[in-house]
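Comments concern the structure below.
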Amino acid sequence: MKAVIMAGGEGTRLRPLTCNRPKPMVPIVNKPVMEHIIELLKKYEFKDIAVTLQYLPDMIKDYFGDGRDFGINLRYYVEDKPMGTAGSVKNAEEFLDDTFLVISGDALTDIDLGKAIDYHFSKGSIATLVLKKVDIPLEYGVVVTDENGRITRFLEKPSWGEVFSDTVNTGIYILSPEVLKYFNKNEMFDFSKDLFPILLRENRPMYGYITDEYWCDIGDLMAYSQAHMDVLDGKVKVNIPGNKIRDRVWVGEGSVIEENAVIEEPCVIGANTRIKKDSVVGSYSVLGDNNIIGERSGIKRSILWKNNVLDSNAQLRGTVICNKVNIKEGVSTFENSVIGDDTQIGKNAVIKPSIKIWPNKIVEGGTEVNSNLVWGSKFVRSIFGFRGVAGEINVDITPEYASKLGAAYGAIFKGKGKIGVSSDDAAAAKMLKMSFMSGLLSAGLKVLDFGVLHLPVARSAVRFYGADGGIHISTSSKNFGRLTVDFLDKNGSNIERAVERKIENAFQREDFSRCEGEAIKDIEIIPDYTKYYLRNIMNNTRSKELGYRIVLNSTSDFIFGTVSNLLENLGCTVEKTSLNLQNAKTMKSGNDSKEMSYFTDMVKWETMTWACQLKTLLKK
């Protein structure tokens, strides 16, 4: 009898474990989960096995090869695009010339396949589904059978109001090859959603084999950790690599456990791993090959893959560590956190519970990581740079990040005071302005919405309205994907470094309180403060007829409108352009070379803010 392993799963809910590998290659007690499936098939004398692939197929091919090293014969069928469970198996139709078994390559089970196959033939079934009772069936396909085991009803991933059975589809099927005639090759087709309902409508003999043996769909990170605990508790029968040195403790070849190191059962330690003195590997921990555990380090209920280095006094609690992770001295990680491949965690850093760090990241020493690190390459302790906070829109600075940073800033006012918030006219800046305002409101502060302003005008508005501080968000004229956030004090000046450190500490530790719902205040809208700002300039200008001829260069229509209006009211003639300064320096203008030279000199103002340009002009 032949079998098909469906191994095309991407495993998005297992990220970041599956960023660099397909879901069937995620290890369970130091073996890819698909290897456990192959060992199960081999136990029941399946020799010829087809494997359907789609996501990162070469990784599976390279590991298993033609199957010879595993005592089986493997054939691979690669989909160019997802074709559904049945559609993927259809690719192997020529190989499947008799009754065959289909099994998922990303579930862990020790189900007695022999009994399921005998049941299939005894019923004269065209399709037999292996079923299992579960406590919460919402994430599975629910199946109802009659007293003879014949399937009478299906429902894929029901809500609680739709649940009519606790018997679910495990994704293990024994099928007659004729079922593949019901649909065409290269057609998107699913077993549970498409094929089985057709067979049910046509009253074809279709049965459910109900088992009470172990089966776990490793669909998310909680299930992944639970599968390891189930293996260590003996709830599922799989082959654990290594030598069993005492009850429920397995250690691989070449591993060294130094003096005074403590190993608590149950646990697994892979090959060529060194546990240095005074370290503790606690119960329900699994360490892969080639790991180094530093002195006085503690590992509890954690899973480490291969080639990781822990410096001294690192403490892991309920963490999953992928490959080639370097954890420096004094690092602490907490329950349900995950650290992706090729990541470095700096000295004394803290990874908070349920935090996920994607591959190839650097976490600076002394930081507390309390939000998932997906984009960018670094998580640094210092949030503030030379001027405020700067970064990529929706990468470094997201709406969630802005809201929390606003709350951290608001926390230093202890629920009292008012903060003015403004932005430039870019849509991204306006979006993040709303997020900052939400954070400030959650801290119990009064928020003045200054709307769209230039930074110099925002500084003036903070002083004019007696605000206790301000936030201004502006995009870069040179890179529209970046922005800068200026935090202002009550004088409209950028806050001092001491205040920045308070905000950073509150942000990283999430050490700030939220006010009660009834204490949240309404936002006060301040319309068009720019008009009053410009009127004040006019009132303080000695001459209203300056008579200058001004070339105004900017990429912003907002700046054009504001500055040209002021200059024209001061008696100036304004010529507008949005010429790129670098292009202007290289242009050749023939007879107009003198005019271009003058123009280029004027365009050099682009290297300053418009307020500085205006200040230079008024001095003249």
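For the sequence shown, the UniProt record's numbering gives the first residue as 1, with consecutive numbering after it.
Where a beta carbon is used, it is the ideal one built from N, C-alpha and C, also for glycine.
Predicted model only: the values in this text are computed from it and were never measured.
Looking at the DSSP output, residue 368 bridges to 350. Within the same chain, Cβ atoms closer than 7 Å to the Cβ of residue 305 are found at 27, 288, 321, 322, 323, the five residues on either side in sequence being excluded. In terms of Cα proximity to residue 448, the closest of 213, 436, 420 is 420. When 81, 76, 401, 105 are compared, the shortest CA-CA separation from residue 93 is found for 76. Excluding residues up to 5 positions away in sequence, 534, 537, 538, 614 lie with their Cβ nearer than 8 Å to the Cβ of residue 566 in the same chain. If only complete runs of 3 or more residues are kept, the segment 542-567 shows the beta strand (DSSP E) at 549-553, in order along the chain. Here the alpha carbon of residue 81 sits roughly 19 Å from the alpha carbon of residue 106. By alpha-carbon distance to residue 135, the top candidate from 528, 167, 230, 335 is 167. Straight-line measurement puts the Cα of residue 530 at about 43 Å from the Cα of residue 362. For residue 207, the pairing in a beta bridge is given by DSSP as 128, 150. Counting along the chain, no alpha helix (DSSP H) covers residue 76; the unbroken beta strand (DSSP E) around it starts and ends at 73-78.
A Cβ-Cβ separation of about 7 Å places residue 339 in contact with residue 319 under the 8 Å criterion. Judged by their CB atoms, residue 277 and residue 264 are not nearer to each other than the 9 Å cut-off. Here DSSP, grouped into helix, strand and coil, assigns residue 355 to coil. Rounded to whole angstroms, the Cβ separation of residue 474 and residue 484 is 5 Å, and the two are in contact under 8 Å. Taking each of 331, 133, 35 in turn and checking the Cα distance to residue 238, the smallest one comes out for 35.
Burial state of residue 22 is buried, judged by a 10 Å Cβ sphere holding 16 or more other Cβ atoms.
In this chain, the alpha helix (DSSP H) harbouring residue 461 covers 455-464.
Beta bridge pairing from DSSP links residue 449 with 421, 525.
Pairwise C-beta distances place the segment 112-126 out of contact with the segment 180-198, as fewer than three of them are shorter than 8 Å.
In this structure, residue 366 places its C-beta atom within 9 Å of the C-beta atom of residue 348.
Assignment of residue 382 by DSSP, reduced to helix, strand and coil, places it in the coil class.
Ranking 175, 85, 426, 1 by CA distance to the CA of residue 194 puts 85 first. The criterion of a C-beta distance shorter than 9 Å is not satisfied by residue 285 and residue 296. Closest in alpha carbon position to residue 411, among 45, 515, 33, is 515. Within the same chain, and ignoring the five residues on either side of residue 20 in sequence, the residues whose Cβ sits closer than 7 Å to its Cβ are 341, 359. At the C-beta level, residue 15 and residue 127 stay beyond 9 Å of one another. Nearest to residue 172 by C-alpha distance, out of 5, 149, 282, is 5. For the 9 Å CB-CB criterion, residue 207 and residue 149 form a contact. For the set 549, 559, 401, 557, the Cα lying nearest the Cα of residue 574 is the one of 549.
Counting only the Cα atoms, residue 48 lies some 10 Å from residue 100. Counting other Cβ atoms within 10 Å of its Cβ, residue 222 stays below 16 and is therefore classed as exposed. For the pair residue 130 and residue 151, the CB atoms are not nearer than the 9 Å cut-off.
337 is the residue among 147, 124, 337 whose C-alpha sits nearest the C-alpha of residue 353. The three-state secondary structure of residue 194, taken from DSSP, is helix. CA-to-CA, the gap between residue 568 and residue 543 works out to about 13 Å.
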